[in-house]
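S.K.: This is the structure I want to talk about, given as structure tokens.
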Amino acid sequence: MGVVISAVLPIALVALCGVWVGRAFSLDIKTLTRLNIYVLLPALVLTGVYGSSLEIGVAARIVAGFLLNCGVLYGVAIALSKKLQLPTDTQKSLVATTLLANTGNIGLPFILFALGEAALERAIIYLVASAIFITSVGPTFLKGQGIRAGLKITFNLPVFWATLAGIGLQISMWKVPLAIDRGLELMAEAAIPVALLILGIQLSRIPLKIGLYELIATALRLVVSPLSAYGIGQLLRLEGIDLAVLVMQASMPVAVNTLIWVTEFGGDTARVARTIVLSTLLSFATLPVVLWLVVR
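Residue numbering for the sequence shown follows my numbering, starting at 1294 and increasing by one per position.
Written as structure tokens, this is what we have:
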């Protein structure tokens, strides 16, 4: 119980501060988001990758687990959409909210506080795989654009280049000068609290309305996804902290950025927004349960 409280309370506290700030002041959320995407998060990924002691085999299995889980979830979302005879835009939205998890704003801090630094290394690998996969495949599915459009977005993603730089530094064993390393560490340490504040600000601007669609979409993200990830993790023979990270990242609520993707490329924005709020609120109840199950 102590581990659960130490993981949930810091996240809730910072996010609630973000909600208060979002309601009290008129802030430019785009500027804050860009600051995190283009500066802080790449610094976190770069320092996490080049400073990682994670074996390549373990990282590969975590990425494989993520990709296989995406395949399962995509199949379930499509089958359910057809069963419910959802319109095309609503079907796109259901797939998007099922696949796009908040592995950054909530996933990284939750795993860090609950499972420690070693788990954070693994969570960053999952986050990078998720970001690259979604930016590559998202435009193809949501707007029917080719893979070339997706790759163009990927190559403009700072996290992608930060990952390559981190891998290059680790392979070459080149030691980053102390002054530069300290600067990168400072930015990396700011990434998680700023991400949580952004989450709170974004949630303060989205109205909550619960219907059958929102309940189904939330259940796919918070219940079906971790169950599927656990089964896949067993097949890949992941255990201990590796399995825990795979399942916990798969248990995260719908990513707030899903609304941006759906707005840009097509989908039911109103339902996506409501699903984001509902899944985020309920995740504060479901995440401790999943954590207890995977670490007991």
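Ideal Cβ positions, reconstructed from N, Cα and C, are used throughout, including at glycine.
Keep in mind the model is a prediction, meaning the values are calculated, not measured.
Count Cβ pairs between the region 1472–1481 and the region 1346–1358 that sit closer than 8 Å; are there 3 or more?
M.R.: No: fewer than three Cβ pairs fall under 8 Å.
S.K.: Starting from Glu1507, follow the alpha helix (DSSP H) in both directions and report where the run begins and ends.
M.R.: Leu1505 to Ala1512
S.K.: Might you give, ordered along the chain, the residues of its own chain that have their beta carbon closer than 8 Å to the beta carbon of Pro1303, omitting 5 neighbours on each side?
M.R.: Pro1402 and Phe1406
S.K.: Taking Ala1372 as the reference, give the member of Leu1361, Leu1360, Val1356 and Thr1391 with the closest Cα.
M.R.: Thr1391
S.K.: Is Gly1560 closer than 8 Å to Ser1386 when the C-beta atoms are compared?
M.R.: yes
S.K.: Using a threshold of 7 Å, is the CB atom of Ile1569 nearer than that to any non-hydrogen atom of the ligand FAD?
M.R.: Because no ligand of any kind appears in the structure shown, any question about the ligand FAD cannot be addressed here.
S.K.: To the nearest angstrom, report how far apart Ser1497 and Val1312 are at their CA atoms.
M.R.: 5 Å
S.K.: Quick one, which of Glu1348, Val1314 and Val1301 has its alpha-carbon nearest Val1487's?
M.R.: That would be Val1314, whose Cα lies nearest to the Cα of Val1487.
S.K.: What separation, rounded to the nearest whole angstrom, lies between the Cα atoms of Tyr1331 and Thr1551?
M.R.: Rounded to whole angstroms, Tyr1331 to Thr1551 spans 18 Å at the Cα level.
S.K.: Write down every uninterrupted run of the alpha helix (DSSP H) in the region 1294–1375 whose length is 4 residues or greater and which is fully enclosed by it, in chain order.
M.R.: 1295–1317, 1322–1328 and 1334–1343
S.K.: State the beta-bridge partners of Ala1394 as determined by DSSP.
M.R.: Val1547
S.K.: Beta-carbon separation of Asn1395 and Val1549 under 8 Å?
M.R.: yes
S.K.: With H, G and I counted as helix, E and B as strand and the rest as coil, what does DSSP make of Val1583?
M.R.: helix
S.K.: Which residues in the same chain have their Cβ closer than 6 Å to the Cβ of Gln1495, if we skip the five residues on either side of it in sequence?
M.R.: Val1549
S.K.: Leaving aside the five residues before and after Arg1514 along the sequence, list all residues of the same chain whose C-beta is less than 7 Å from its C-beta, in chain order.
M.R.: Thr1390, Thr1391, Ala1394, Pro1546, Val1547 and Ser1572
S.K.: Just the Cα atoms here: how many angstroms apart are Lys1323 and Asn1329?
M.R.: 10 Å
S.K.: Taking the alpha helix (DSSP H) that Ser1465 falls in, what are its first and last residues?
M.R.: Pro1451 to Ser1465
S.K.: So Ser1429 and Leu1444 are in contact, right, with Cβ under 8 Å, and what is the actual spacing, rounded?
M.R.: 6 Å
S.K.: What first and last residue would you give for the alpha helix (DSSP H) that runs through Gln1495?
M.R.: In the DSSP annotation of this structure, the continuous segment of the alpha helix (DSSP H) that includes Gln1495 starts and ends at Leu1471 to Leu1496.
S.K.: When you compare each of Ser1346, Gly1526, Val1307 and Leu1574 to Glu1507 by their alpha carbons, which one comes out closest?
M.R.: Leu1574
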